[in-house]
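Engineer: Numbering (our numbering), first residue to last: 433 to 476.
For every residue, glycine included, the Cβ atom is placed at its ideal position computed from N, Cα and C.
If you're wondering where the values come from, they're calculated on a predicted model, not measured in any experiment.
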């Protein structure tokens, strides 16, 4: 979804990398993900 929003609304591309992923609560379905989004923001 992030790729599509960047393309459709901002006409730019994204580079998304997952930096860290943790599931600290066994038995739950929650996962915390830390990620980095790189994009060309020179026009902003």
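Out of 443, 447, 456, 433, state which residue places its alpha-carbon closest to the alpha-carbon of residue 475.
Structural biologist: To locate residue 475, count along the chain shown from 1; it is residue 43. Out of 443, 447, 456, 433, 443 has the C-alpha closest to the C-alpha of residue 475.
Engineer: Between residue 468 and residue 438, what straight-line distance do the alpha-carbon atoms span, to the nearest angstrom?
Structural biologist: Here residue 468 refers to the residue found at position 36 when the chain shown is read from its first residue. Here residue 438 refers to the residue found at position 6 when the chain shown is read from its first residue. Whole-angstrom Cα-Cα distance: 15 Å.
Engineer: Going straight from the alpha carbon of residue 459 to that of residue 472, what length do you get?
Structural biologist: Here residue 459 is taken as the residue at index 27 of the chain shown, counted from 1. Here residue 472 is taken as the residue at index 40 of the chain shown, counted from 1. Cα to Cα, the separation comes out at about 40 Å.
Engineer: The beta strand (DSSP E) spanning residue 446 covers which residue range?
Structural biologist: Indexing the chain shown from 1 puts residue 446 at position 14. It is not in any beta strand (DSSP E) - residue 446 carries neither H nor E in the DSSP assignment.
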